[in-house]
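Visitor:
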Amino acid sequence: MSVFPDLCAIKLNCQASAIELFQRCQHESYALLLDSAAQSHENCAYDIIFRQPELVLSCKAGKLKVSTDKPSKLPPAPESSAELCHYAEQLNQLSGHYSGPAELPFQGGFAGAVGYDHGRSLEVIPEFNADTYQSPDAVLAYYSQALIIDRKNDRVWLVAPVDQLEELTEFWNQTTKPKKAAAFQLVSDWQSNMSEQQYTGKFNAVQNYLLAGDAYQINLAQRYSARYQGSEWSAYLKLRQANSAPFSAFMRLPGSAILSLSPERFLLTDAKGQVETKPIKGTRPRFDDTYRDQASQHALLISEKDRAENLMIVDLLRNDLSKNCEPGSIKTPSLFAIESFPAVHHLVSTVIGKLQPGRTALSLFNGAFPGGSITGAPKIRAMQIIEELEPHRRNIYCGSVGYFSQHGRSDTSITIRTLLAEDGQLYCWAGGGLVADSTASEEYQETKDKVSRILPVLAS
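According to full-length UniProt numbering, the residues represented by the sequence shown are 1 to 460, in order.
#1: If I'm right that Arg284 touches Val344 with Cβ under 8 Å, what's the distance once you round it to whole angstroms?
#2: Can you confirm whether the stretch 171-188 touches the stretch 63-70 when touching is taken to mean that 3 or more C-beta pairs between the two stretches lie within less than 8 Å?
#3: How would you write the range of the alpha helix (DSSP H) that Ser234 sits in, first residue to last?
#4: Look at Gln107 and Val159 and say whether their C-beta atoms are less than 8 Å apart.
#5: Confirm, please, whether the CB-CB distance from Val351 to Leu311 is below 8 Å.
#6: Does the stretch 45-57 come close enough to the stretch 84-103 that 3 or more CB-CB pairs lie under 8 Å?
#7: Below 8 Å CB to CB, which residues in the same chain sit around Asn129 once its five sequence neighbours on both sides are set aside?
#8: Quick one: Cα of Thr435 to Cα of Asn153, how far?
#9: Between which two residues does the alpha helix (DSSP H) carrying Met312 extend?
#10: The beta strand (DSSP E) spanning Ser363 covers which residue range?
#11: Would you tell me roughly how many angstroms separate the C-alpha atoms of Asp47 and Ile148, rounded to the nearest one?
#12: Do you know how far the Cα of Ile396 is from the Cα of Ala61?
#13: What three-state label does DSSP hand Phe171 in the structure shown?
#14: Does the Cβ-Cβ distance between Arg252 and Ser400 come in under 8 Å?
#15: Pull up the distance between the alpha-carbon of Val3 and that of Ser72, whole angstroms please.
#16: Across the stretch 366-381 and the stretch 233-249, are there enough close Cβ pairs to call them in contact, namely three or more that are closer than 8 Å?
#17: In whole angstroms, what separates the C-alpha of Ala31 from that of Cys25?
#18: Let's see if you can read the secondary structure: which residues bound the beta strand (DSSP E) around Ile258?
#19: Going by the beta-carbon positions, is the gap between Ser349 and Pro263 smaller than 8 Å?
#20: Where does Val124 land, buried or exposed, given buried means 16+ other C-beta within 10 angstroms?
#21: Leaving out five residues on either side along the sequence, give the residues of the same chain with a beta carbon under 6 Å from the beta carbon of residue 529.
#22: Using C-beta distances below 7 Å, list every residue in its chain close to Lys331, excluding the 5 sequence neighbours before and after it, in chain order.
#23: Decide if His298 is buried, meaning its Cβ has at least 16 other Cβ atoms within 10 Å, or exposed.
#24: Do Glu422 and Ser256 come within 8 Å of each other at the CB atom, strictly closer than that value?
#25: Have a look at Ser17 and Ala45 and give me their C-alpha separation to the nearest angstrom.
#26: Compute the Euclidean distance between the alpha carbons of Phe247 and Thr447, then round it to the nearest angstrom.
#27: For Tyr46, which beta-bridge partners are listed by DSSP?
#28: What residue range is occupied by the uninterrupted beta strand (DSSP E) comprising Ile280?
#29: Whose CA, out of Glu443, Arg51, Ser192 and Thr169, lies closest to the CA of Gln23?
#30: Go ahead and pull the three-state DSSP assignment for Met251.
#31: Using a threshold of 8 Å, state whether the C-beta atoms of Lys354 and Ser329 are closer than that.
#32: Going residue by residue through the stretch 1-33, where are the continuous beta strand (DSSP E) segments of at least 3 residues, counting only ones entirely within it?
#33: By Cβ distance, which residues of its chain are closer than 6 Å to Ala368, with the 5 residues on each side in sequence left out?
#34: Rounded to the nearest angstrom, what separates Gly431 and Val275 at their Cα positions?
#35: With burial defined as no fewer than 16 other Cβ atoms inside 10 Å of the residue's Cβ, what is the status of Glu309: buried or exposed?
#36: Would you mind giving the Cβ-Cβ distance between Tyr116 and Cys398, rounded to the nearest angstrom? I have them listed as a contact below 8 Å.
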């Protein structure tokens, strides 16, 4: 039985960019842009715009809420947010028939943002910090319409309900330019939730846990905040110009907005069940001077410490993938590759696998969330220590943004270099994995390097 409408896909004769197109709906609640902003990066194949969802699943304080105009047609919804992915998986099976090119990455299904704190529903984590955010811990919405910009073939596809095709084609093909978004400006300086001295104290506490054998690696982050006024979309455009990244995203929620300039893929699956994850662990700053920049890149490539950190997370992710992948299918085709972005060089590895029969992209996501590259190893103990030492919760930071198409394909990011805007307040985080031979001053500087193309850009 189909609960959601039958879909088709048609090619539009549209010359506008993804940014220009999203401008038309950026003010709408649950409008979502998955933005392959890094023009030359190998993973920048598609931009996808989602709007006007049929149904919204949102989680807050351990409770799952379902918002839809067709409640009588749905299977009973669980109350616990721990069942978010399982319920979305169940609903994806109620998708209508799709007629269109089989190669399109999205053919109806779920998309949205799952914050780091959704991990509290999946694992036993103590609560040292109150939840001071209005924004939900997670939002997954069922979208029956999507605009897909195929960048490699220079085509624009509209996926939409059959009976809305004419109306939506007219909406996207309109020649009238949308109103420009209001300007954006900060109205206070950025403030961190810990001084360098406080960071050093927490760094020392991490070292004690590492030496005691509680963990091998722990990700410690600081949070910056500032007051602002104006359009969050305008802020995203400023950030995008200065800090383009292959897994960028903007999502408008009813009372907040997510602005993500992420360089990191979390999980990719295809319709045949092939799986890929690309953890980042290891960072060096970029320099305008070519010689210094190359030296910084080389120092990262040969760093035994960074390679060891990266390998720890690769092992963690291999274990996470094994929960839902076929035995023997998990391999590591690339270790310690350098990927360069506007602010930093990163050390990136690639892990692949094959889903077991009966397992889906949502099963995989649920079993691996949150990503090990932003927790530490072992994951649950690292998360418990993070909760103890960080002064505030993370919300969207170190969570994930992406989609889960009903035909099996999915692609999700790790939401680093990501900001949350709500109630006139802008939040931005930066962290790094600490190991036994880390030094406080270098790790503190690394957190600053990671936001060097974010905080000053919005302050100017």
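All residues carry an ideal CB built from backbone N, CA and C; glycine is no exception.
Guide: Concretely, from the data shown:
#1: Contact holds; Cβ gap of about 6 Å.
#2: Output reads no: the stretch 171-188 does not touch the stretch 63-70.
#3: Glu232 to Ala242 is the span of the alpha helix (DSSP H), which, as asked, contains Ser234.
#4: Going by C-beta atoms, Gln107 is nearer than 8 Å to Val159.
#5: Here Leu311 is not near Val351, since their CB atoms are 8 Å or more apart.
#6: The stretch 45-57 and the stretch 84-103 touch, with three or more beta-carbon pairs separated by less than 8 Å.
#7: Contacts found: Glu387, Glu390, Pro391, His392 and Arg393.
#8: Per the sequence shown, residue 435 should be read as Val rather than Thr. Near 44 Å, if we compare the C-alpha coordinates of Asn153 and Val435.
#9: Here the alpha helix (DSSP H) through Met312 covers Glu304 to Ser322.
#10: For Ser363, no beta strand (DSSP E) segment is defined; the enclosing uninterrupted segment is the alpha helix (DSSP H) at Ala361 to Ala368.
#11: About 6 Å.
#12: Rounded to whole angstroms, Ala61 to Ile396 spans 14 Å at the Cα level.
#13: Of the three classes helix, strand and coil, the one that applies to Phe171 here is helix, per DSSP.
#14: No. Outside cutoff.
#15: Computed Cα separation, rounded: 10 Å.
#16: No: the two stretches stay apart, fewer than three of their Cβ pairs being nearer than 8 Å.
#17: One C-alpha to the other measures close to 7 Å.
#18: Note, Ile258: beta strand (DSSP E), Ser256 to Ser262.
#19: It is not a contact, given that the beta carbons lie outside the stated cut-off.
#20: Of the other Cβ atoms in all chains shown, fewer than 16 fall within 10 Å of the Cβ of Val124; this residue is therefore exposed.
#21: Coverage of the chain is limited to positions 1 through 460, which leaves residue 529 absent and any answer about it impossible.
#22: The beta carbon of Lys331 is closer than 7 Å to those of Ile352 in its chain, skipping five residues each way along the sequence.
#23: Exposed, by the Cβ-count rule.
#24: For Ser256 and Glu422, yes; Cβs fall inside 8 Å.
#25: It is roughly 14 Å from the alpha-carbon of Ser17 to the alpha-carbon of Ala45.
#26: Going from the Cα of Phe247 to the Cα of Thr447 covers about 20 Å.
#27: The beta-bridge partner set that DSSP reports for Tyr46 consists of Asp150.
#28: Note, Ile280: beta strand (DSSP E), Ile280 to Pro285.
#29: Residue Arg51 is the option with its Cα nearest to Gln23.
#30: Residue state for Met251 is assigned as strand, using DSSP reduced to three classes.
#31: Contact flag set, yes.
#32: Runs of the beta strand (DSSP E) inside the stretch 1-33: 7-12.
#33: The answer, listed in chain order, is Asp320.
#34: Each residue's CA atom was taken as its position, placing Gly431 and Val275 some 27 Å apart.
#35: Counting every other CB atom within 10 Å of its CB across the protein chains shown gives Glu309 a total of 16 or more, marking it as buried.
#36: With a Cβ gap of about 4 Å, Tyr116 and Cys398 count as contacting.
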